[in-house]
Amino acid sequence: MIAALRAGARASALLALLALVLSAVACDPCSGLASCNGDPTLALTGQFVVRGTGRPVSGVRVDVVPVAGATGGSATTGSDGFWQLELPATATGDVTVDVQVTPPSPYPSYRVPAVHASASTRRGEGNVLGRWVVDPYVNYLAEIRSRFGGFGVYGATVHFMRTGGVAATPNSVDRITDEAGRFGFELAPNGGTLGDVIGDLYVVKPGLTSGTWIRGARIPVVYRDDPLAVQGVFPIGFFLTYVAEIYDRGTGRPLANADIQFVRTSGIAISPSTVVRHTDASGRTLLDLTPSAEGEVVGDISFVRPGSTTPVVLRGVRLTTYDSLETRLLRLGFGDRLAYAGELQFRGTHARAANVPVEFRRTGGIQVETPVLRSTTDVNGRFPIITATSESGELVGDLVVDPAGPLQQTYTGIRLATFPSDEVRFAGVWGVGDQILYAGEFFNRATGQRQAGIDVEFRRTGGVNVTQPVFTSRTDANGRFLIAPPTQESGEVVGELRARTPSGFVTVVPNVHLKTQRDDSLRLAGVWGFGPSLLYAGEILNAANDRPVAGAHVTFERTGGIAVSPARIDATTDANGRFPLIMTTADSGSVIGTLTVRPPAPWADAPIVYPNVSITTFDSDELRLFGVWRIPPPPAVRAP
């Protein structure tokens, strides 16, 4: 009944508008003349009503604000809700204005932007803007249709939730579709703001395993009193439509103007099971398949590249059904590509080297489009080694770091193989600048064995600066430990080693000199012992002239003090009169013994005995001279 009344009201209003225009023409002084022109004029007329009842509203102020092509002006509706306005225009033709509507209380004012009208020089011509309402509204009508057959979906639940745009109430709405698949709802916009209410629609239908999201639906706030019409049609159900984009991985060029064939091999059934399509200049073609159920179809795509007779087959292409409205993109590469990323690190600090120029120069292997690749490392020290190639195999080249700078270094013989995938592979990490990278070794002086678990400190005492003045490490099962204090300088660092055994023994090695190096090799800094040392040598001299006595037999036999091994030493002096006095011990202190010297001929055969010889341990790996013994000269030999 209300719809009939509103339809009658609209018809009456249109007749009234027509009568208004005819009246203006009849009253015009040029009425009846074949041609009657004047200055360019913008004539506007319309009516304001209350939505729902169609009741005319008087006292509505209409302000026309010029945007382009006309001047502004205002009018007020009469008791029948009509208004009219004539404004001077700058020229004939299209005119754009904004219309500010200010209804009487309690209705809010609102502004309609970019209203297009036409200015004319013919008197009596005007623009009928139609019926507008004083209370803009949201009245939404849409359809849910099945992707299979296109029929309306009956009994689907539609949930709308506002996510943005014009504020309106209620914030969410639930509806059930009718026999035609239609649903509708009304919202009350807050205030006098025109625009779109933005929200998401979620559609659930019995028989579907999942619902369908329709994101970002835009529902306009309406100011015209127009008949309700369907504003959106949304398909739901399984969808299997993809845009396939096929390209050559090696060159990046699209497979243009080629026939491709998709053949189902497994998965859900599709109709048809084999399709043939033709790619366009961008290598794209539409695969619009009809699935029998929700799920995944697996198939092979085959084609022959232009200029070739060898077929290319991309096996195991997987296409999954979906229930959104977009057409998905399927990018498929064929052939091999060469795409790598490398990384630079400052050797001395292990920090990633940013903003360092690098060059990769081809020296052999496959042909590539760009034989010299130049780039600069990013904030992560990464740089690309990516170039087009139409060949498969291995590229050989040199990596030049900082070609014209102080960090210049060349790495030769780098080998990079092409591969049949779209990934970017990691080529490796290379060092930049100098570093300190050494290994040291500790052994037990008492046993000669390497020992694990010794805590070692390298303390800088001079030379180049390091960012970690005390570098700590621990020996492994081989007695090895690392010395790698970070540095940004080149030269030599000087320091001392302080080692503490698990038993608490501490040994100090002073004046350790380590030079920086511009390579990644691990160098040996030295081998040091720990624990008490008895590394001594003795010396036998002729008391008459202080000349060395060679060939003397020397015996040292322990008689007391700390335990040593061996407890007896038998030795013979060398050409310098020297003899070893080397023992091992686990204790610190002194060993006491008897030193017996038996000089060679022409000395008498009687031994020379030195009792209570005390030999004290020390903490270093040097060979020390313990003592010098001067023996009496041999008796003079008389001539016969």
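In mature numbering (1 follows the signal peptide of the UniProt record, and there is no 0), the protein residues as written are -26 to -1, 1 to 614.
All residues carry an ideal CB built from backbone N, CA and C; glycine is no exception.
Just so you know, these numbers come straight off a predicted model, no measurement behind them.
* What first and last residue would you give for the beta strand (DSSP E) that runs through Q425? -> Careful: Q425 lies outside any beta strand (DSSP E) and carries neither H nor E.
* Spatially closest choice to P30 from Q21, V430, D37 and V38, by CA coordinates -> Q21
* Quick one: what's E531 bridged to in DSSP? -> R542 and T568
* Determine the closest residue to G307 out of G322, Y314, R289 and T294, with distance taken between C-alpha atoms. => R289
* Asked: Anyone know if the C-beta pair for N145 and A17 falls short of 9 Å?
  -> no
* To do: Just confirm the distance between the C-beta atoms of T441 and T323, as a whole number of angstroms; I'd bet it's less than 8 Å.
  => 7 Å
* **Span separating the alpha-carbon of I188 from that of N329** => 46 Å
* Going by beta carbon distance, what residues of the same chain come within less than 7 Å of V523, once the five residues before and after it are set aside? -> I514, L515, N516, T547, G551, P573 and I605
* Asked: Near L498, which residues of its chain fall below 8 Å by C-beta distance, leaving aside the five closest residues on each side in sequence?
  -> Y412, A413, G414 and E415
* 9 Å Cβ cutoff, G28 in contact with chain D -> Protein chains in the displayed structure number just one, and chain D is not present.
* Out of curiosity, what's the CA-to-CA distance linking V342 and P394? -> 16 Å
* Within the same chain, show all residues whose beta-carbon is closer than 7 Å to that of L456, passing over the 5 residues directly before and after it, in chain order. => A413 and S447
* Excluding the 5 residues preceding and the 5 following P608 in the sequence, name in chain order all residues of the same chain whose CB lies nearer than 6 Å to its CB. => P576 and W577
* To do: Please go through the same chain and pick out, in chain order, the residues whose beta-carbon is closer than 8 Å to the beta-carbon of A230, but skip the five residues on each side of it.
  => T253, D254, A255, S256, G257 and P280
* What residue range is occupied by the uninterrupted beta strand (DSSP E) comprising A88? -> Y84 to R96
* Just the C-alpha distance for A42 and V271, rounded to the nearest angstrom, thanks. => 57 Å
* Asked: Going by the CB atoms, is the gap between D222 and G309 shorter than 9 Å?
  -> yes
* At 3 residues or longer, and completely inside the segment 461 to 504: list those beta strand (DSSP E) runs for me, N to C. => 466 to 474, 480 to 489 and 497 to 504
* **Beta-carbon gap between F530 and T590 smaller than 9 Å** => no
* Determine the extent of the beta strand (DSSP E) in which F357 is found, giving its start and end residues. => R356 to I360
* Endpoints, beta strand (DSSP E) assigned at G309 -> No beta strand (DSSP E) contains G309, which DSSP labels as neither H nor E.
* **Cβ pair count under 8 Å reaching 3, the segment 377 to 385 against the segment 292 to 301** => no
* In the DSSP assignment, find the unbroken beta strand (DSSP E) run with W57 in it and report its ends. => F56 to P62
* To do: Tell me whether T421 is buried or exposed, calling it buried when 16 or more other Cβ atoms sit within 10 Å of its Cβ.
  => exposed
* Kindly give me the distance between the Cβ atoms of D372 and R335, rounded to whole angstroms, as I take these residues to be in contact under 8 Å. => 5 Å
* Pull up the CB-CB distance for P476 and T559, whole angstroms please, since I reckon it's below 8 Å. => Not a contact, Cβ separation roughly 19 Å.
* If Q423 sits next to F417, beta carbons under 8 Å apart, how far is it from one beta carbon to the other, in whole angstroms? -> 6 Å
* To do: In the DSSP assignment, find the beta strand (DSSP E) that holds L115 and state where it starts and stops.
  => N101 to S120
* Which residue from R321, V132, A154 and Y84 puts its Cα closest to that of P460? -> R321
* To do: Write down the C-beta distance between G47 and L61 rounded to the nearest angstrom, noting that I regard them as a contact closer than 8 Å.
  => 5 Å
* **Host beta strand (DSSP E) of W577 (start-end)** => Note, W577: premise wrong, no beta strand (DSSP E); not H, not E.
* **Contacts around L599, its chain only, beta-carbon distance under 6 Å, and the 5 residues preceding and following it disregarded** => A511
* From the DSSP output, in three-state form, read off D72 for me. => strand
* Asked: Counting pairs of Cβ atoms below 8 Å between the segment 102 to 117 and the segment 157 to 174, do you hit three or more?
  -> yes
* Going along the chain, which residues of its own chain have a beta-carbon closer than 6 Å to the beta-carbon of R105, five neighbours each way excluded? -> A(-14), Q21, V23 and D199
* To do: Work out the CA separation of A401 and R356 for me, nearest whole Å.
  => 10 Å
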